[in-house]
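Structure first, then comments.
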Amino acid sequence: MARKFFVGGNFKMNGSLESQKKIIEALNAAKLNTEKVEVVVAPQALYLLNTRAELRKDIGVAAQNVFSKAHGAYTGENSAQSLADAGITYTLTGHSERRTIFKESDEFVADKTQYAIEQGLIVIACIGETLAEREADKTIEVCVRQLNALAAKVKDWSKVVIAYEPVWAIGTGKTATPEQAQEVHVEIRKWANEKLGAQIADALRIIYGGSVNGGNCKDFLKFEDIDGFLVGGASLKPEFHNIINVHNL
Numbered sequence: 040m041a042r043k044f045f046v047g048g049n050f051k052m053n054g055s056l057e058s059q060k061k062i063i064e065a066l067n068a069a070k071l072n073t074e075k076v077e078v079v080v081a082p083q084a085l086y087l088l089n090t091r092a093e094l095r096k097d098i099g100v101a102a103q104n105v106f107s108k109a110h111g112a113y114t115g116e117n118s119a120q121s122l123a124d125a126g127i128t129y130t131l132t133g134h135s136e137r138r139t140i141f142k143e144s145d146e147f148v149a150d151k152t153q154y155a156i157e158q159g160l161i162v163i164a165c166i167g168e169t170l171a172e173r174e175a176d177k178t179i180e181v182c183v184r185q186l187n188a189l190a191a192k193v194k195d196w197s198k199v200v201i202a203y204e205p206v207w208a209i210g211t212g213k214t215a216t217p218e219q220a221q222e223v224h225v226e227i228r229k230w231a232n233e234k235l236g237a238q239i240a241d242a243l244r245i246i247y248g249g250s251v252n253g254g255n256c257k258d259f260l261k262f263e264d265i266d267g268f269l270v271g272g273a274s275l276k277p278e279f280h281n282i283i284n285v286h287n288l
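Residue 263 in this note's numbering is what sits at position 224 of the sequence shown, and the numbering runs on without skipping anything.
Here you go:
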């Protein structure tokens with residue numbers, strides 16, 4: 040099954056109104072291969088509305104985080120219903136910074152993922168191991184544990200993109216080699232085949248995130264189980280356009 044390539048840009052807690060405006064203007068003016076590549080950007084919550092209003096419509100906009108319940112007394116959280124109401128059609132869940140800094144459990148991430156799907160959002164669900172876990176040869180064990188938590192709650196996998204992000208390669212300048220990424224992606228698809236069935240496994244997009252940039256992105260293309268990228272710091276730079284157009288480089 041042909042899986043549409045997916046490139047997400049996670050701006051994290053970076054930027055200002057002025058820098059955001061420049062990024063949007065540059066994306067609007069760029070010749071991007073959005074017919075063949077699904078492109079999504081995730082600005083800070085403060086900038087979601089103006090990004091969606093000003094950004095070209097063939098690029099999606101994602102929240103960086105979402106809560107697991109409807110409206111209510113949850114100060115500081117993002118409502119999935121409110122996001123959908125505002126035209127924000129994607130969200131991230133389970134990013135390592137949420138799991139490690141804010142101590143979000145696998146089960147909580149799964150709850151948020153399913154609730155966002157129920158509200159009509161497409162979820163970029165992040166998984167990945169720490170350096171200590173990799174060095175202890177627990178990479179697959181950790182990823183499967185996180186995936187099993189998702190599988191216990193998620194009912195519609197067509198609304199999920201899995202982002203494999205080794206924690207040791209996020210914001211460090213270190214990158215898993217394409218071979219290392221493919222090894223894990225193969226195991227994720229094997230898990231999906233056994234747990235969810237062949238049809239879902241074939242359709243499931245598994246993208247790589249971890250210091251992806253304009254210089255190394257093309258090296259990942261030769262591996263059939265790498266269906267795109269979740270880009271961090273490089274998404275704030277002009278090289279993000281090259282990552283989107285990686286098949287043309």
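Quick reminder that beta carbons are idealized off the backbone N, C-alpha and C, glycines included. Treat the numbers as computed from the prediction; the structure is a model and nothing was measured.
Exposure label - residue i; buried when at least 16 CB within 10 Å
i	result
T132	buried
S197	exposed
Q238	exposed
E74	exposed
S135	buried
T130	buried
L189	buried
A175	exposed
A41	exposed
K151	buried
Nearest residue (CA-CA) to residue i, options the options
i	options	result
E263	P217, S274, I163 and L66	P217
R138	T90, G126, I166 and F268	I166
T178	D258, K192, A215 and D195	A215
N49	K70, A231, L170 and P82	P82
F147	L122, K192 and V183	K192
A125	K151, L88 and N117	L88
V206	T169, R173, L235 and K234	T169
E77	A84, T211, K43 and D176	K43
T128	Y86, V79, W230 and R173	V79
E143	S107, R173, E172 and Y86	S107
Y86	K234, M52 and V200	M52
K234	V183, K257 and V199	V183
A208	V200, A171, S55 and P277	A171
G267	I140, E204, G236 and G115	E204
Q219	D258, P277, G115 and V200	D258
Closer than 7 Å: residue i CB and nearest the ligand ZN heavy atom
i	result
V223	Summarising the ligand content, the structure contains no ligands, and the ligand ZN is consequently not present.
Beta-carbon proximity check, residue i vs residue j, cutoff 8 Å
i	j	result
R244	F45	yes
N72	N284	yes
I98	L66	yes
Q120	A112	no
N117	A84	yes
N232	A240	yes
Sequence-distant residues of the same chain with beta carbon closer than 6 Å to residue i, five excluded per side
i	result
A202	I163, C165, I246, G248 and L269
Q185	D145 and I166
Same chain, Cβ closer than 8 Å to residue i, neighbours up to 5 away in sequence not counted
i	result
K194	Q153 and I156
G210	S250, G271 and G272
H286	F44, N72, K75, V76 and L260
G54	I62, P82, Q83, Y86 and L275
Neighbourhood of residue i by C-beta, 7 Å cutoff - its chain only, sequence neighbours within 5 removed
i	result
I63	T90, E93 and L94
F279	G48, V270 and A273
W230	V183 and L186
C256	F268, I282 and V285
G212	S250
> Is the segment 256-276 touching the segment 215-233, taking contact as three or more C-beta pairs under 8 Å?
Replying inline: yes
> Would you call the segment 151-163 and the segment 95-106 in contact, with 3 or more CB pairs under 8 Å?
Replying inline: yes
> Does the segment 270-287 come close enough to the segment 245-255 that 3 or more CB-CB pairs lie under 8 Å?
Replying inline: yes
> Do the segment 88-99 and the segment 49-65 touch if we need at least three Cβ pairs shorter than 8 Å?
Replying inline: yes
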